[in-house]
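There are 2 protein chains.
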Amino acid sequence: MAADLAREPAYDVTIADVREEALALAATRCGGRVRAVRADLSDQAALRKLIAPFDIVLGALSSRIGFAALRTVIGAGKNYADISFMAEDAIDLSPPAEKAGVTTVVDCGVAPGMSNLLAGYAAATLAPCEAIEIYVGGLPVERRWPFEYKAAFSPADVIEEYVRPSRIVENGRVVVRPALSEPELLDLPGVGTVEAFNTDGLRSIVRTLNVPNMKEKTLRYPGHIELMRVFREIGLFGTEAISAGGHHVVPRDVIAALMFPKWTYEPGERDLTVMRVTAVGVQRGGRVRLTWDLLDYLDPATGFTSMARTTGFPCTSAARMIVDGTISKRGVLPPELFATKAVVDRMMTEMQERGVRYEFRQEAA
Amino acid sequence: MAADLAREPAYDVTIADVREEALALAATRCGGRVRAVRADLSDQAALRKLIAPFDIVLGALSSRIGFAALRTVIGAGKNYADISFMAEDAIDLSPPAEKAGVTTVVDCGVAPGMSNLLAGYAAATLAPCEAIEIYVGGLPVERRWPFEYKAAFSPADVIEEYVRPSRIVENGRVVVRPALSEPELLDLPGVGTVEAFNTDGLRSIVRTLNVPNMKEKTLRYPGHIELMRVFREIGLFGTEAISAGGHHVVPRDVIAALMFPKWTYEPGERDLTVMRVTAVGVQRGGRVRLTWDLLDYLDPATGFTSMARTTGFPCTSAARMIVDGTISKRGVLPPELFATKAVVDRMMTEMQERGVRYEFRQEAA
């Protein structure tokens, strides 16, 4: 995100992180066009001081510290575009954000992010919008036994996805399904057969959109889900200490220590991001299905992973639109809350300029 | 084994174990016809004192203490019939056993045990015997996701089977294959499709039989092997401590703590034992294939598991034959070293009287 904004003379970009090596790598990738500041962003006083001189803040923080940082940025009266995952509900901070007169765009990556934007756009376009389905996954191009998976973001958050019950909207009611449930095989062009399973990814649209059927499913290469179900069943994802070999240990710590090194991308290793968002509803008297398909790869020219590209570019696009007033609402805004045609077109154009292409099609349904 | 011998008035049986509850259960199952003595059988002085008054000793000990006990029983000048698994080579103790003038039958269960006996018999009958294959498994009748397996003996020894490289004889040479390698599907009557993989089960016959091709494979329901390969690949069977959550823990301790409860038979739960031993060679000028098939279940009348029946009865049969002089050689004897037709017929008859049936057939090959 820093590299993307720093390419434009209008932006004077400073990056901050607690890890020296992450700062150094980011600065290199930005071609030296950014300032780098080492800072502990879980320290709210430090964060407040750090952001004081800036017009807008972008966030890509660990789930542990995302919500606290969000509150601090709002309290400091700064506009904010954020892709941090957080278990808390960011919209709870909308009243203080409105009061502070700031625009705070949250969950503005790929999914949540573009998925919300397209869902919100479909819900506003179709009358009524009957169903929205989101299928999304970040995967390694090279499939290696046994996981055929690597984590393009925090692997601990991936395990959370595998245990957290998923909220789905069915016939107008929120229902809860176990994680990893209802696996189904899908053939996706360019990717082949993948397996989709329920994840708790609808997030804000469960309450912001009035669509009677909505679900999000995560995509993996076939077989991964079964393995994760087995691990969960055995207790390897357990967070309560057990007694083993005379020690008290948390099984999840052990499987993380063994598994995460195998879930880590090699430097330069190609990843891909695949997403399909479909919406079914009525338009001018006929039932239609709208489909957006994304398939993106690591960019060898910049070295940016597909996950970085597909997640970061919506956020920088939102930041530009906050700065130029295209997104002008105050409060905490997940993308479905500013999903006008103008915003969708602008985001699609800016992403396309960066090589991230969403294919759209409309069919009778 | 105690129950089987105690049924006969000729035997005055005493059982010993370090666990009170195991003794109590065994005494009950023997219908009160045995004496029970609590003793730590890893304490050689205690063992020597315990066996002093007896004519013959039977052993069913943990792999940790089997070899030391064997040495002590030989040193005490007692005849011995043993089903203890041990990593050490029992035949190393043959010279002292010969010197002590004792008959020490080892590895006398189902496999090793009946497998050795039949292999030895085939090697002596065919001229030449070209190939011996042993397929064997102990399985739960009821298959439950995800393991479809329970351990009828020490689950720690089962994990050892999954990591210990397996010795195979190919074209007259001993070759070593990884554990869990060369999986193949087999349809076995009454059991259905099972999967066979290399295990290090040939043991003594690698050096006692002059057969150019010999292998042993263990049987599981399909899928189990893949899961165990994944566990091994990830490092869950590792015995070196790793750092996890601020502790040093041995992964195998953790997976054992989580997995072994699921590998434990419920009281009265039905198990089965399936084995196929085949031998190919020349008999009276024609090439023939000899096949022995075993399929046995828990006996609801006695409550004895199939694993106990198929493993214990060969050992009690051998004990009777030591006592009556049918097996009279001195030294440490795995079953292939006394595999005469008389011994094979006697064992088959005694097992059949107890409901354990080996089906034999001979075909042109």
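The listed protein sequences derive, respectively, from chains X and Y. Residues 133 to 497 in our numbering are what the first sequence lists, from first letter to last. Residues 133 to 497 in our numbering are what the second sequence lists, from first letter to last. All C-beta atoms, glycine included, are put in the ideal place defined by N, C-alpha and C.
Would you give the residue range spanned by the alpha helix (DSSP H) that residue 226 of chain X belongs to? On the first sequence, residue 226 of chain X is found 94 positions in, with the first residue counted as 1. Looking at the DSSP string, the run of the alpha helix (DSSP H) that includes residue 226 of chain X is 226-232.
Do the region 250-259 of chain X and the region 369-389 of chain X make contact, defined as three or more Cβ pairs closer than 8 Å? no
Going by beta-carbon coordinates alone, are residue 205 of chain X and residue 179 of chain X separated by less than 9 Å? Residue numbering aside, residue 205 of chain X sits at position 73 when the first sequence is read from its first letter. Residue numbering aside, residue 179 of chain X sits at position 47 when the first sequence is read from its first letter. Closer than 9 Å, so yes.
Among Y/208, Y/194, Y/159, Y/157, whose alpha-carbon lies nearest the alpha-carbon of residue 176 of chain Y? What you label residue 176 of chain Y is simply residue 44 of the second sequence in a count that begins at 1. The option with the nearest alpha carbon to residue 176 of chain Y is Y/208.
Pair within 9 Å by beta-carbon distance, residue 467 of chain Y and residue 245 of chain Y: Walking along the second sequence from the start, residue 467 of chain Y turns up at place 335. Walking along the second sequence from the start, residue 245 of chain Y turns up at place 113. In contact: residue 467 of chain Y and residue 245 of chain Y (Cβ atoms closer than 9 Å).
Starting from residue 423 of chain X, follow its DSSP beta bridges and name the residues at the other end. The residue you call residue 423 of chain X lines up with position 291 of the first sequence. Partner(s): X/410, X/493.
Residues in the same chain with beta-carbon distance under 8 Å from residue 303 of chain X, minus the five sequence neighbours each way, listed in chain order, please. Position 171 of the first sequence, counted from the first residue, corresponds to residue 303 of chain X. Once the five neighbours on either side are set aside, the close Cβ partners of residue 303 of chain X are 344, 345.
Residues of the region 355-377 of chain X whose Cβ lies closer than 7 Å to any Cβ of chain Y, in chain order: 359, 362, 365, 366, 367, 368, 374, 375, 376, 377
Determine the closest residue to residue 234 of chain Y out of Y/485, Y/464, Y/480, Y/492, with distance taken between C-alpha atoms. As a first step, residue 234 of chain Y must be located in the second sequence, where it is residue number 102. The shortest C-alpha separation from residue 234 of chain Y is found at Y/464.
Per DSSP, what kind of secondary structure is residue 182 of chain X in: helix, strand or coil? In the first sequence, counting from the first residue as 1, residue 182 of chain X sits at position 50. Residue 182 of chain X falls in the helix class under three-state DSSP.
What would DSSP say about residue 281 of chain Y, mapped onto helix, strand or coil? Here residue 281 of chain Y refers to the residue found at position 149 when the second sequence is read from its first residue. Residue 281 of chain Y: coil per DSSP, three-state reduction.
Residue 149 of chain Y at chain X interface by Cβ criterion, 9 Å: For the purposes of this step, residue 149 of chain Y is taken as the residue at position 17 of the second sequence. By this cut-off, residue 149 of chain Y is not an interface position.
Cβ separation of residue 218 of chain X and residue 294 of chain X, assumed to be a contact under 8 Å, to the nearest whole Å: For this step, residue 218 of chain X is matched to residue 86 along the first sequence. For this step, residue 294 of chain X is matched to residue 162 along the first sequence. Actually they are not in contact, since the Cβ atoms of residue 218 of chain X and residue 294 of chain X sit about 18 Å apart, beyond 8 Å.
Within chain X, the residues that residue 389 of chain Y reaches when beta carbons sit closer than 7 Å: Mapped onto the second sequence, residue 389 of chain Y falls at position 257. Near residue 389 of chain Y (Cβ distances below 7 Å), the residues of chain X are 374, 375, 376.
Residue 456 of chain X versus X/475, X/288, X/441, residue with shortest Cα-Cα distance: Along the first sequence, one-based indexing puts residue 456 of chain X at 324. Among X/475, X/288, X/441, the Cα nearest to that of residue 456 of chain X belongs to X/475.
Excluding the 5 residues flanking residue 413 of chain X on each side, which residues of the same chain have their C-beta closer than 6 Å to its C-beta? Reading the first sequence from its first residue, position 281 is the one you call residue 413 of chain X. So the qualifying residues of the chain are 258, 260, 261, 262.
Would residue 290 of chain Y pass as an interface residue toward chain X - the criterion being a Cβ-Cβ separation below 9 Å? Locating residue 290 of chain Y in the second sequence gives position 158, counting from the first residue. Closer than 9 Å: no.
Do residue 321 of chain X and residue 308 of chain X have their C-beta atoms within less than 9 Å of each other? Position 189 of the first sequence, counted from the start, is the residue given in the question as residue 321 of chain X. Position 176 of the first sequence, counted from the start, is the residue given in the question as residue 308 of chain X. Cβ atoms of residue 321 of chain X and residue 308 of chain X: not closer than 9 Å.
Ranges of the alpha helix (DSSP H) found wholly within the region 190-267 of chain Y, counting only runs of at least 4: 198-207, 226-232, 246-257
Counting only C-beta atoms, is residue 166 of chain X closer than 9 Å to chain Y at any point? Taking the first sequence and counting its residues from 1, one reaches residue 166 of chain X at position 34. Chain Y contact via Cβ: absent.
In this structure, what does DSSP give as the bridge partners for residue 484 of chain X? Here the question's residue 484 of chain X lines up with position 352 in the first sequence. For residue 484 of chain X, which the question treats as bridged, DSSP gives no partner whatsoever.
Is residue 462 of chain Y helix, strand or coil when you go by DSSP? The count along the second sequence starts at 1 and reaches residue 462 of chain Y at position 330. Residue 462 of chain Y falls in the coil class under three-state DSSP.
N- and C-terminal bounds of the beta strand (DSSP E) containing residue 372 of chain X: Mapped onto the first sequence, residue 372 of chain X falls at position 240. It is not in any beta strand (DSSP E) - residue 372 of chain X carries neither H nor E in the DSSP assignment.
Per DSSP, which residues does residue 429 of chain Y bridge with? Please list them. As a first step, residue 429 of chain Y is located in the second sequence; it is residue number 297 there, counting from the start. According to DSSP, which records beta bridges pairwise, residue 429 of chain Y is partnered with Y/404.
Coarse secondary structure for residue 271 of chain Y, derived from DSSP in three states: As a working mapping, residue 271 of chain Y is identified with position 139 in the second sequence. Here residue 271 of chain Y sits in strand by DSSP.
With distances taken between CB atoms, is the gap from residue 444 of chain X to residue 192 of chain X smaller than 9 Å? Counting from 1 along the first sequence, the entry for residue 444 of chain X is found at position 312. Counting from 1 along the first sequence, the entry for residue 192 of chain X is found at position 60. Yes, the pair counts as a contact, with Cβ atoms nearer than the cut-off.
Excluding the five sequence neighbours on either side, which residues of its own chain have a C-beta within less than 7 Å of the C-beta of residue 317 of chain Y, listed in chain order? Working through the second sequence from its first residue, we reach residue 317 of chain Y at position 185. Only 325, 327, 354 meet the Cβ criterion.
Residue burial classification, residue 492 of chain Y (beta-carbon count within 10 angstroms, cutoff 16): Your numbering for residue 492 of chain Y matches position 360 in the second sequence. Residue 492 of chain Y comes out exposed.
Extent of the continuous beta strand (DSSP E) to which residue 346 of chain X belongs: Start at 1 with the first residue of the first sequence, and residue 346 of chain X comes out as number 214. That run of the beta strand (DSSP E) goes 345-352.
Do residue 348 of chain Y and residue 266 of chain Y count as a contact pair if the criterion is CB distance below 9 Å? What you label residue 266 of chain Y is simply residue 134 of the second sequence in a count that begins at 1. What you label residue 348 of chain Y is simply residue 216 of the second sequence in a count that begins at 1. Yes, they are a contact pair.
Please confirm whether residue 426 of chain X and residue 488 of chain X have their CB atoms less than 9 Å apart. In the first sequence, residue 426 of chain X corresponds to position 294, counting from 1. In the first sequence, residue 488 of chain X corresponds to position 356, counting from 1. A contact, by the Cβ cut-off of 9 Å.
Hey, is residue 295 of chain X's beta-carbon within less than 9 Å of any beta-carbon in chain Y? Residue numbering aside, residue 295 of chain X sits at position 163 when the first sequence is read from its first letter. So, not an interface residue.
Pick helix, strand or coil for residue 438 of chain Y, following the three-state DSSP scheme. Locating residue 438 of chain Y in the second sequence gives position 306, where the first residue counts as 1. Looking at residue 438 of chain Y - three-state DSSP - the assignment turns out to be helix.
So, with DSSP's three-state summary, where would you put residue 187 of chain Y? Walking along the second sequence from the start, residue 187 of chain Y turns up at place 55. It is coil, neither helix nor strand.
By alpha-carbon positions, which one of Y/231, Y/203, Y/211, Y/210 ends up nearest to residue 222 of chain Y? The residue labelled residue 222 of chain Y in the question sits at position 90 within the second sequence. Nearest C-alpha to residue 222 of chain Y: Y/203.
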